[in-house]
Amino acid sequence: MIRILLVLLASWLTVLSPVQAQEASLQDVLQTHQEEIASPSRRSVGEVLEALVATAHPDLPRFLERWQAREVWVRDADGLFFFVEEGADAITLIDITSLEVVGTAAKAEMTELRPNGGVRRVIGSALVQFQLSDPDIERRIAAVDAIARAMSADQLPALLSAIDNEPDAALKTRKSRLAGMLAASFAETEEARIAAIAGLGSDLSVDVRAVLNQILSTTEGVAAEMPDDANIARVQMPGTDITYTDAYDRLVAANLAPARISNADILAALTEHVAGGMVGGIPTAQLNTLETRRIAYTALAADGLVPPLVTDAERTAMVDAHSFFLAYDEDSSAITDAARASLDTIEQKVALSQAADLTLDALSLASIYFLAAIGLAITFGVMGVINMAHGEFIMMGAYTGYVVQLFVPDYTLSILIALPLAFAITFGAGVAMERTVIRWLYHRPLETLLATFGISIALQQLAKNIFGTQARPLTSPEWLDGALVFNDVIAISYIRIAIFVLALVFLALILFVLKRTRLGLEVRAVTQNPGMAASMGINPDRINMLTFGLGSGIAGIAGVAIGLYAKVTSEMGSDYIVQSFMTVVVGGVGNVWGTLAGASMIGFLQKGIEWMNPSNTLAAQTFMILFIILFIQFRPKGIVALKGRAAGD
Amino acid sequence: MNNTLLEVDGVSVTFDGFRAINNLSIQIAEPELRAIIGPNGAGKTTFMDIITGKTRPDEGKVIWGERNISLLKMSESQIAQQGIGRKFQKPTVFEAQTVRENLAMALKNKRGPFDVLFFRSNPSIEGEIVELAEEIGLQDALDTPSGILSHGQKQWLEIGMLLAQDPRLLLVDEPAAGMTQAEREQTTEILVRAAQTRAVVVVEHDMEFVRRLNCKVTVLHEGSVLAEGSLDHVTANQTVIDVYLGR
Amino acid sequence: MRKTFISQNPSVLWFLAALGLFTLIVTILSEGFGLGIVSTSFIKTLGKTLCLCLIAIAMDVVWGYCGILSLGHFAFFGLGGYAIGMWLMYARTETIVVESLAGNIIPPTEQEVIDAIGTQIFGVVGSSEFPLIWAFADSLVLQLLMVVLVPGLLALVFGWLAFRSRVTGVYLSILTQAMTLALALYLFQNDSGLRGNNGLSGLQNIPGFEATPQATISIVFFWASAFALCAGYLFFAWIVSGKLGSVLRAIRDNEARVRFLGYHVESYKLFVFTITAVVSGIAGALYYPQAGIINPAEIAPIASIYLAVWVAIGGRGRLYGAVIGAAFVSLLSSWFTGGGAPDIPLGFYTIQWTDWWLVLLGVSFVAVTLFFPQGIGGLFDKLVRKQP
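Chains as they are written, first to last, in full-length UniProt numbering: chain A, 1 to 649; chain B, 1 to 247; chain C, 1 to 388.
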């Protein structure tokens, strides 16, 4: 079959070879078809174009383009074709070969060629073969795009001939892919199509899948006997593969059974035939049950006024007497089998890739939750303080980023300024809050929760008063636009990668601070036994203040990161607060690894549920929370639990 | 021993790799007064935690009563209802409530929420409360919020609450801590009297106090029994001396 | 020695007397039965406030007495509202549908009536089928039972799970908040069977009383709310004043110690959690016919937190404190946000209370927590004790 393709190709190349075509000028060639060109019709233009293309005249493409663009005029006197420049009353004539000005004419002497839409399309497809080999890569790409947009059989030879001499590697690949897709659908022999279909098996792109699905398209069928000549995709047994109702509807549609008479139809028929408060021998007042209505209708049918009812048993019998099936539109079973095999291979690969893509999505969600929750985990774990205003610190960070962008228009620079600034501002806010409120409420955790909630609503409303209720943008730098594309299915945006990296950096940083610095040592000491720590000369007040500031500061940075991919609003904090708490609680309090585990679990869980039920993120969240509530049942202290007396009770 | 009330057999418990109790076996008879001593970290409090159900051991058995019931499957409240009372190291009485309310709560009665909801006091119950208050010397403070009692009084109130539960086994963690000499003597008296009809286990640091109890002593060290016998017997034991003085 | 419950708790009498007097005055001033000085809409506001006071005392019992900071009681309130709202909406739509179908030449079948009601109610979410949960919507008695059963069962199951695994303190608060959030998110869905974020509406129209003016209906609901508050107050006062109250306060102060006394703490918590959830459901069932509409936003976690705020401002651990807090803060809130409070011009900036009320509330809440942990009720106590 490849041989056949090659023969085809060779014949086209001979036709197109420019060597033979230099004798006659383009004008002469055109004049042989003068009439058809001057007033082309949808039907005749094909032959003319074929003849013109056969001459392979080098100036032909330009002419065709101008013709298609309605820029060619004909001189009425001698029927010669010209390109023109329109003046106020005279027209400047330009030779179609040399492109030199050859004279002027009055408008009255000339007629503009106005090919209609159908003709222009035909010209266009003839042009494609020239454009496919055009020296300008932009035009070659445009030609390929045009073919991909509307695939048809006649483009295949032109495309095949334009593959070998394509200099650009990427475009060459695209061309052969497209040729493969075209060949799968339109190659002349069955062998050629099967070979082409098999060649598609490694391609994950949506358009390849569309081509295969197109080949595998089916039509619902019904017949008394299963037809022998049809390419049956699937036999549908009524009751298992297809409901009796649908099966009967198909019978009705195929005129193999009388139409079903619904309750509404009965009601309409009865209403129509009411006479003197009676219909079908029954007073209308009694017609308030389906039973009486049916009796009345049967009476009407007996009088021949309405079509008779079809009983359920009759319907079932009729359905059972017929065979229902799905038949491929493609007649050759060899081709559909090949397409099915290719599609299966592809779908398997797509499923794997989707799993990988989902994993990446889940990872990025997990890193967002980690960033949002880690600050909370620190304050909660070290100080046992629930900070309901944590979400508002995230919001403050995001607004900091927004305000910085108002003053620093360079996005890269503004983000670089915003990150430390957000940390500083929320650190300050956290320390202020710790000094003024929280430190008076140690050992009263529930009251801390409520007091910080008071701060939370005040801050939220304050943000609303200052920045308004509408969402504010926080624009990411240009180099973060776009996505890292692995294949047609796996892709991840650079912002998400950046957030992932940021989360990793913070994980490392926090681990470093907690495990390797003096501050970390003191913090851990205070976490485990505040009384003992105090007696060893650690000032728990100072540690609490710094810890709280640190936790809040990280929230600020998380806010900048979250603001980059979500909108900045005064309520954005409350969107994350419950998830953050969940992360901390699920992960286990007082442990960085626990928070990481919690964030991963919640991130993966949420993506997993969304994947199972993609239409409904609300349901996904509901199920996730229910799952977490159940999870807490089995691990009340979270994934990474402290044990022993240190855990306290 | 056929009158064994509590048998702890081969119990071990580990906290994050630290073996707090290591193959510990102790038997308590009824009635009996037993003192448990040992240096810090010997596992005295964890031992009580295991009996009262606060901590679950990794291995071993805890058998209770004539019918040899295992305590390991029970919740704290079920164990308490079996007749095991516990007094904590730090006095924990309900400070917002009066002495009377504290005692009434501890008094042996049905413990279900609906029993309590429909509970109505009667003169015999009130009489019991007054009796108990007299025993612990708080008869004049019945309607005082227990938060304003002195440290020693709180300790007594807690012992009173223990007695009100009428337990078969009393676990008492450092009852004499922070008491004056006179208060200690009265505490000793209460405990000794209680031990005439039930089992009483006292965990104590104070050797003087233990001596006054004049009972069998068990020495714990690193989570297992180091020595057992009369106080003079165990204090003569060279290992015990090493453990107490060696570090 | 023994005293009756009321004589032990004179404050209960004082409260009931005050509530009775208040009801009487409002009735006299109302449009429906009196002088017409107080508008019908304000009567409704007062009636709703009484319902809020009822859920506030439930919250006070569960938090102030038992130490469980539940951030989920408003969910129970909402469920009660939904349960009664289903009947109100069904019965009212039925009346309308039957009226409109009466003109047909051929009378409708039962199924046609039900289908038409379904289309009326669920058309807004693109459906016409009745979900399973509406199975009893045509029966007032069964829906009234739902008012009690649905919040009660949810509280029972949730509480059993949570208390069994010893989730306490802030963990429990967060868990209850998660439960509330899950419920709200579920109800927000169009296929929840409760009309998604449209919620249930037209609840102020009481089926069978189409001819009765709202002025009359409002005062009847006001009485019902006052009666419910009175009954709820007595009930909770009875619970917390006896030995059960003593155990509950002990659990609040030191749960582990109560366990070692032989009390099964989890049962007590479950009992209180469930019983207060039921009362919250009843409060909701009285509230929403006065409000006229219920939607999932009402259940959002923030509402339950406000509930805690009322109780804290009113003063925990005393029932009248909860009533004072709920009445004071919710009325003040509607005064400020309703534009009743005058703006304060500062020259360079004008403080509009619709914008600044929440800031004020947040800050004053922090202040109350810090400086008056006993709340308004605590101040009240001090005043009463100072006068011999």
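Beta carbons: idealized from backbone N, C-alpha and C, even for Gly.
Anticipated Cβ contact below 8 Å, residue 364 of chain A with residue 499 of chain A, distance rounded: Residue mapping note: residue 364 of chain A aligns to position 364 of the first sequence, counting from 1. Residue mapping note: residue 499 of chain A aligns to position 499 of the first sequence, counting from 1. That pair is a contact at about 6 Å.
Best match in A:322, A:235, A:290, A:232 for proximity to residue 225 of chain A [C-alpha to C-alpha]: Your numbering for residue 225 of chain A matches position 225 in the first sequence. Measuring from the Cα of residue 225 of chain A, the nearest candidate turns out to be A:322.
At a Cβ threshold of 8 Å, is residue 34 of chain C touching chain B? For the purposes of this step, residue 34 of chain C is taken as residue 34 along the third sequence, with counting starting at 1. Closer than 8 Å: no.
Pairs of beta-carbons, one from the stretch 42 to 52 of chain C and one from the stretch 282 to 290 of chain C, closer than 8 Å: are there three or more? yes
Just checking: is the beta-carbon of residue 606 of chain A within a distance shorter than 8 Å of some beta-carbon in chain C? Translated into positions along the first sequence, residue 606 of chain A becomes position 606. Not one chain C Cβ lies under 8 Å of residue 606 of chain A.
Taking the DSSP output, what are the residues bridged to residue 411 of chain A? The residue labelled residue 411 of chain A in the question sits at position 411 within the first sequence. In the DSSP output, where bridge partners are listed per residue, residue 411 of chain A has none listed.
Would you mind stating whether residue 326 of chain A and residue 236 of chain A have Cβ atoms separated by less than 8 Å? In the first sequence, the residue the question calls residue 326 of chain A occupies position 326. In the first sequence, the residue the question calls residue 236 of chain A occupies position 236. Against a cut-off of 8 Å, the Cβ pair of residue 236 of chain A and residue 326 of chain A comes out as a contact.
Are there 16 or more other CB atoms within 10 angstroms of the CB of residue 470 of chain A, so buried, or fewer, so exposed? Taking the first sequence and counting its residues from 1, one reaches residue 470 of chain A at position 470. Classification of residue 470 of chain A: exposed, given that the 10 Å Cβ count is below 16.
Closer than 9 Å, Cβ to any Cβ of chain C: which residues of the stretch 431 to 455 of chain A, in chain order? 436, 437, 440, 441, 444, 445, 446, 447, 448, 449, 450, 451, 452, 453, 454, 455
Chain C beta carbons: is any one of them nearer than 8 Å to that of residue 113 of chain B? Looking up residue 113 of chain B in the second sequence gives position 113. True, the Cβ-Cβ gap to chain C drops below 8 Å.
Inter-residue spacing [alpha-carbon to alpha-carbon] between residue 280 of chain B and residue 623 of chain A: This structure cannot settle anything about residue 280 of chain B, because the visible part of chain B is limited to 1 through 247.
Taking only beta-carbon atoms, is residue 582 of chain A less than 8 Å away from chain C? For the purposes of this step, residue 582 of chain A is taken as the residue at position 582 of the first sequence. Yes, residue 582 of chain A counts as interfacial toward chain C.
Rounded to the nearest angstrom, what separates residue 574 of chain A and residue 394 of chain A at their Cα positions? Indexing the first sequence from 1 puts residue 574 of chain A at position 574. Indexing the first sequence from 1 puts residue 394 of chain A at position 394. Each residue's Cα considered, the two are about 9 Å apart.
Only counting the same chain, and skipping five residues up and downstream in sequence, which positions put a Cβ closer than 8 Å to that of residue 98 of chain B? The count along the second sequence starts at 1 and reaches residue 98 of chain B at position 98. Hits under 8 Å: 142, 143, 144, 145, 146.
Residue 335 of chain C - containing alpha helix (DSSP H), residue span: As a position in the third sequence, residue 335 of chain C is number 335, starting the count at 1. Counting along the chain, the alpha helix (DSSP H) containing residue 335 of chain C begins and ends at 319 to 337.
Using the three-state DSSP reduction, which class does residue 220 of chain B fall into: helix, strand or coil? Sequence index remark: in the second sequence, residue 220 of chain B carries index 220 (1-based). Strand, per DSSP.
What does a CB cutoff of less than 7 Å around residue 163 of chain A pick up in its chain, not counting 5 residues either side in sequence? By 1-based counting over the first sequence, the position of residue 163 of chain A is 163. Closer than 7 Å at the Cβ level, and outside the excluded window around residue 163 of chain A, lie 172, 175, 176, 179.
Using a Cβ-Cβ cut-off of 8 Å, state whether residue 48 of chain B counts as contacting chain C. Looking up residue 48 of chain B in the second sequence gives position 48. For residue 48 of chain B, the answer is no, since every Cβ of chain C falls outside 8 Å of its Cβ.
Buried or exposed for residue 57 of chain A, going by 16 or more other Cβ atoms inside 10 Å? In the first sequence, residue 57 of chain A corresponds to position 57, counting from 1. By the neighbour-count rule (16 or more Cβ atoms within 10 Å), residue 57 of chain A is buried.
For the beta strand (DSSP E) that contains residue 27 of chain B, what are its first and last residues? Residue numbering aside, residue 27 of chain B sits at position 27 when the second sequence is read from its first letter. Looking at the DSSP string, the run of the beta strand (DSSP E) that includes residue 27 of chain B is 18 to 29.
Where residue 200 of chain A and residue 148 of chain A are concerned, what is the direct C-alpha to C-alpha distance, given to the nearest angstrom? Here residue 200 of chain A is taken as the residue at index 200 of the first sequence, counted from 1. Here residue 148 of chain A is taken as the residue at index 148 of the first sequence, counted from 1. Taking the straight line joining both Cα atoms gives about 15 Å.
8 Å is my cut-off, CB to CB: does residue 199 of chain B come that close to chain C? Working through the second sequence from its first residue, we reach residue 199 of chain B at position 199. No - not a single Cβ of chain C is within 8 Å of the one on residue 199 of chain B.
Does the beta-carbon distance from residue 374 of chain A to residue 510 of chain A come in below 8 Å? Position 374 of the first sequence, counted from the start, is the residue given in the question as residue 374 of chain A. Position 510 of the first sequence, counted from the start, is the residue given in the question as residue 510 of chain A. Yes, Cβ-Cβ distance for residue 374 of chain A and residue 510 of chain A is below 8 Å.
Who are residue 87 of chain B's beta bridge partners in DSSP? In the second sequence, residue 87 of chain B corresponds to position 87, counting from 1. Paired residue(s): B:172.
From the beta carbon of residue 209 of chain C, is the nearest beta carbon of chain B less than 8 Å away? On the third sequence, residue 209 of chain C is found 209 positions in, with the first residue counted as 1. Taking Cβ atoms only, chain B never reaches closer than 8 Å to residue 209 of chain C, which makes this a no.
Name the chain C residues that come within less than 8 Å of residue 274 of chain A, Cβ to Cβ? Here the question's residue 274 of chain A lines up with position 274 in the first sequence. The contacting residues are 105, 106.
Below 8 Å on the Cβ atoms is my contact criterion, and I expect residue 598 of chain A with residue 583 of chain A to pass it. Report the Cβ-Cβ distance as a whole number of Å. For the purposes of this step, residue 598 of chain A is taken as the residue at position 598 of the first sequence. For the purposes of this step, residue 583 of chain A is taken as the residue at position 583 of the first sequence. With 8 Å as the limit, residue 598 of chain A and residue 583 of chain A qualify as a contact, their Cβ atoms being about 4 Å apart.
Relative to the C-alpha of residue 82 of chain B, which residue among B:70, B:126, B:213, B:35 is closest? The count along the second sequence starts at 1 and reaches residue 82 of chain B at position 82. Among B:70, B:126, B:213, B:35, the Cα nearest to that of residue 82 of chain B belongs to B:70.
Of all the options C:102, C:61, C:74, C:34, which has the alpha carbon lying nearest to the alpha carbon of residue 282 of chain C? Residue 282 of chain C sits at position 282 when you count from the first residue of the third sequence. When only C-alpha atoms are compared, the closest one is C:74.
To test your reading of the DSSP string, which unbroken beta strand (DSSP E) runs of 3 or more residues are found completely within the stretch 64 to 88 of chain C? none
When you compare only the Cα positions, how much space is there between residue 269 of chain C and residue 56 of chain B? By one-based count along the third sequence, residue 269 of chain C stands at place 269. By one-based count along the second sequence, residue 56 of chain B stands at place 56. Computed Cα separation, rounded: 23 Å.
Kindly indicate which three-state DSSP category residue 42 of chain A falls into: helix, strand or coil? Along the first sequence, read from residue 1 onward, the residue named residue 42 of chain A stands at position 42. Correct three-state label for residue 42 of chain A: coil.
Tell me which residue opens and which closes the alpha helix (DSSP H) that residue 355 of chain A is part of. To locate residue 355 of chain A, count along the first sequence from 1; it is residue 355. Looking at the DSSP string, the run of the alpha helix (DSSP H) that includes residue 355 of chain A is 333 to 383.
For a quick check, are the C-beta atoms of residue 199 of chain B and residue 80 of chain B less than 8 Å apart? Start at 1 with the first residue of the second sequence, and residue 199 of chain B comes out as number 199. Start at 1 with the first residue of the second sequence, and residue 80 of chain B comes out as number 80. No, the Cβ-Cβ distance between residue 199 of chain B and residue 80 of chain B is not below 8 Å.
Roughly how many angstroms lie between the CA atoms of residue 43 of chain A and residue 268 of chain A, to the nearest whole one? Mapped onto the first sequence, residue 43 of chain A falls at position 43. Mapped onto the first sequence, residue 268 of chain A falls at position 268. One C-alpha to the other measures close to 52 Å.
Measure how close the beta-carbons of residue 105 of chain C and residue 284 of chain A come, nearest whole angstrom, since I'm counting them as under 8 Å. Here residue 105 of chain C is taken as the residue at index 105 of the third sequence, counted from 1. Here residue 284 of chain A is taken as the residue at index 284 of the first sequence, counted from 1. At roughly 6 Å, the Cβ-Cβ gap stays under 8 Å, so residue 105 of chain C and residue 284 of chain A are in contact.
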